[in-house]
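2 protein chains.
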Amino acid sequence: MAKAALKSRPKQRRLSPDERRSDFIRKAAEFFSEEGFDGGTRELARKLGVTQPLLYRYFPSKDDLIREVYRTVYLDRWNPEWDALLTDRSLPIRDRMQRFYEAYTDAIFNREWLRIYLFAALKGVEINKWYVGIVEDRILARIVTEYRAEAGLPDQPPAPAELELAWVLQGGIFYYGLRRYIYESPVMEEKERVIANAVDVFLEGISRVFGTSVKVRTAYARVPEPTED
Amino acid sequence: MAKAALKSRPKQRRLSPDERRSDFIRKAAEFFSEEGFDGGTRELARKLGVTQPLLYRYFPSKDDLIREVYRTVYLDRWNPEWDALLTDRSLPIRDRMQRFYEAYTDAIFNREWLRIYLFAALKGVEINKWYVGIVEDRILARIVTEYRAEAGLPDQPPAPAELELAWVLQGGIFYYGLRRYIYESPVMEEKERVIANAVDVFLEGISRVFGTSVKVRTAYARVPEPTED
DNA sequence: CTTCTTATTTTTCATATGATAAATAAGCTG
DNA sequence: CAGCTTATTTATCATATGAAAAATAAGAAG
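Below, the structure is given as structure tokens:
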């Protein structure tokens, strides 16, 4: 009786290979983002509503399926318009950064993306390291370059220390997503304000640390005694 | 012959329970930090130079062992002197922050700590969420409070936006550790410079974003429509 | 309706896993 | 050395895992 209830006619329905395949990948991303890549193929199949061996009809091995998941997460989320946005000098760099980070975080601030990103990082997969390079080239180097242009600083490739400072901004914003969607700890709800403040601090700060031609402060080693005078 | 070589007399050596136990925990931290908490007990035992069932003499279950690992990672690394350092008003806040972050990152910027921290975060264990609260109370709230004191601002509890800004700093510095020890991507080697610049940007920036009584810029909401008109 | 392709399921395998029970031996005490 | 405690090992179990082979049935084509 209970048995009969469970065996409720699987109603085997055939899907077109393309449909099935993309459905597998999409749901596998959800699944692995929660369970980690050690999640079992049987449990995954149950979630997919099919039997486990069917997975092996579409992917030669679990690893191949995982690779497809990486692809959708890492490759399919970059909006090509962002390239233009960041380099559009008709807008102040501050506005460009605000808009970009709002859009970018709209894309990556969700449990699925963030968790897969971290799982991938911990596994040391090369696509993750590659992505870090992309971030530096497509986002941070541009921000520094555009900032320098707007500040009237000489046109030269971003210095390591400048990039590093941009990384602190990037990491700081990223960490906000972590706290919100991974730790699920209470955070300031208005993402736009958080971004705006972070960007403002970055822009105000960097001009003083590296100098808008005016005050060149190397920051470290200096640090006199501004206690009160 | 090969067999004989392998069975090279296990040379069973008895250790005192305390010694063995702490050895297990220490090496288990190393092991799990690399393999993740899904790492097998047999492989762990092999690394420990003992047989797998011996682990169960010292810990009722794998989970109990893992809990001990958490303890050493999360509880045993906070230096009580840091509490005094951050609140020592005989030093400029900038110096305090510099010293603190140098020491703090000396403690946590290593593969083992960072990876276990991330694995724990992904598992959603409560000790990890608890730690996030500790960071906010013991580090960030203090930084904001001490900054306000030094800037001559009214003595009031840190505003959410201020804490959030401190989180961006914290996260930015954390992310530097990630890039260096988890991604193993090329970074600026001089950690002190990175910290100094980040702290400088934070202090210079925050005073302008929240105003040292002088310029109060709310930053966001400003940003009109500079498209072109 | 019959035939044929192939998407899907049922069986099955080899291995790995966390954990337990029984056997062994290290090393202290007399 | 004898005797005893217990740290450590040698089986062993039940279950879960990724994967392959064989059996079934959905659905299009004739």
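In the order they appear, the protein sequences are chains A and B. Quick note on this note's numbering: the first sequence kicks off at 1 and runs consecutively. Quick note on this note's numbering: the second sequence kicks off at 1001 and runs consecutively. Every residue gets a Cβ at the ideal spot worked out from N, C-alpha and C, and that includes glycine.
Candidates the options: closest to residue i by CA position
i: phenylalanine 37(A); options: Asp64(A), Arg46(A), Pro92(A) and Arg57(A); result: Asp64(A)
i: valine 1073(B); options: Ser1033(B), Asp1200(B) and Pro1157(B); result: Ser1033(B)
i: glycine 1124(B); options: Glu162(A), Tyr183(A) and Arg148(A); result: Tyr183(A)
i: aspartate 1088(B); options: Arg1071(B), Phe1100(B) and Ala1196(B); result: Phe1100(B)
i: proline 60(A); options: Arg21(A), Arg71(A), Leu48(A) and Phe31(A); result: Arg21(A)
i: glutamate 102(A); options: Ala120(A), Phe31(A), Asn197(A) and Gly205(A); result: Asn197(A)
i: glutamate 1162(B); options: Val144(A), Pro160(A) and Val194(A); result: Val194(A)
i: valine 1144(B); options: Arg1111(B), Phe1210(B), Glu1081(B) and Ala1045(B); result: Phe1210(B)
i: aspartate 1023(B); options: Glu1043(B), Gly1039(B) and Gly1049(B); result: Gly1049(B)
i: tyrosine 104(A); options: Leu85(A), Arg46(A), Arg13(A) and Pro92(A); result: Leu85(A)
i: arginine 1096(B); options: Ile1139(B), Arg1013(B) and Arg1071(B); result: Ile1139(B)
i: glutamate 1068(B); options: Pro1092(B), Asp1083(B), Glu1030(B) and Trp1082(B); result: Glu1030(B)
i: tyrosine 1117(B); options: Arg1026(B), Tyr1070(B), Leu1054(B) and Met1188(B); result: Tyr1070(B)
i: proline 1160(B); options: Tyr181(A), Met188(A), Gly133(A) and Tyr176(A); result: Met188(A)
i: leucine 203(A); options: Tyr175(A), Val168(A), Lys191(A) and Glu190(A); result: Val168(A)
i: glycine 1152(B); options: Glu1081(B), Leu1054(B), Glu1192(B) and Ile1093(B); result: Ile1093(B)
i: proline 186(A); options: Arg1014(B), Arg1115(B) and Trp1130(B); result: Trp1130(B)
i: glycine 177(A); options: Pro158(A), Arg14(A), Asp106(A) and Leu122(A); result: Asp106(A)
i: aspartate 1083(B); options: Tyr1058(B), Glu1035(B) and Asp1137(B); result: Asp1137(B)
Residue environment, residue i, which counts as buried when at least 16 other CB atoms sit within 10 Å
i: serine 16(A); result: exposed
i: glutamine 156(A); result: exposed
i: serine 207(A); result: buried
i: threonine 51(A); result: exposed
i: asparagine 1079(B); result: exposed
i: glutamate 146(A); result: buried
i: aspartate 1200(B); result: buried
i: leucine 1075(B); result: exposed
i: glutamate 1164(B); result: buried
i: tyrosine 56(A); result: exposed
i: glycine 205(A); result: buried
i: alanine 1002(B); result: Confidence at alanine 1002(B) is low in this model, with a pLDDT of 36, below 50, so its placement is unreliable and no value can be given for it.
i: alanine 1120(B); result: buried
i: proline 154(A); result: exposed
i: arginine 956(B); result: This structure leaves residue 956(B) out entirely; chain B is present only between 1001 and 1229.
i: glutamine 1098(B); result: buried
i: glutamate 1019(B); result: exposed
i: arginine 179(A); result: buried
i: isoleucine 127(A); result: exposed
i: tryptophan 113(A); result: buried
i: glycine 133(A); result: exposed
i: arginine 13(A); result: exposed
Cut-off 6 Å between Cβ atoms - residues of its own chain near residue i, not counting five sequence neighbours on either side
i: alanine 1149(B); result: none
Contacting residues, own chain, Cβ-Cβ under 7 Å from residue i (five flanking each side not counted)
i: lysine 1062(B); result: Thr1041
i: valine 1135(B); result: Gln1170
i: lysine 1027(B); result: Lys1047 and Leu1048
i: tyrosine 1058(B); result: Arg1020, Arg1021 and Phe1024
Proximal residues to residue i (C-beta, below 8 Å), its chain only, five neighbours per side dropped
i: glycine 172(A); result: Ala198
* Asked: Given a limit of 8 Å on CB to CB distance, which residues of the stretch 1015-1036 of chain B reach chain A?
  -> Gly1036
* Asked: For the stretch 1096-1118 of chain B, which residues have a beta carbon sitting closer than 9 Å to at least one beta carbon of chain A?
  -> Gln1098, Arg1115 and Leu1118
* Using a beta-carbon distance cut-off of less than 9 Å, what residues from the stretch 1053-1076 of chain B approach chain A? -> none
* Asked: Fully enclosed by the stretch 1037-1118 of chain B, which alpha helix (DSSP H) runs are 4 residues long or longer?
  -> 1041-1048, 1052-1058, 1062-1074, 1081-1087 and 1093-1108
* To do: Would you list, in chain order, the members of the stretch 191-206 of chain A that have their beta-carbon closer than 7 Å to a beta-carbon of chain B?
  => Glu192, Arg193, Val194, Ala196, Asn197, Ala198, Asp200, Val201, Phe202, Glu204, Gly205 and Ile206
* Completely contained alpha helix (DSSP H) runs for the stretch 1154-1199 of chain B, where each covers 4 or more residues -> 1160-1177
* **Contact residues within the stretch 1172-1186 of chain B, judged by C-beta distance below 8 Å to chain A** => Gly1172, Ile1173, Phe1174, Tyr1175, Tyr1176, Leu1178, Arg1179, Ile1182, Tyr1183, Glu1184 and Ser1185
* Asked: What residues from the stretch 1136-1167 of chain B come within 7 Å of chain A, judged by C-beta to C-beta, listed N to C?
  -> Pro1160, Ala1161, Glu1164, Leu1165 and Trp1167
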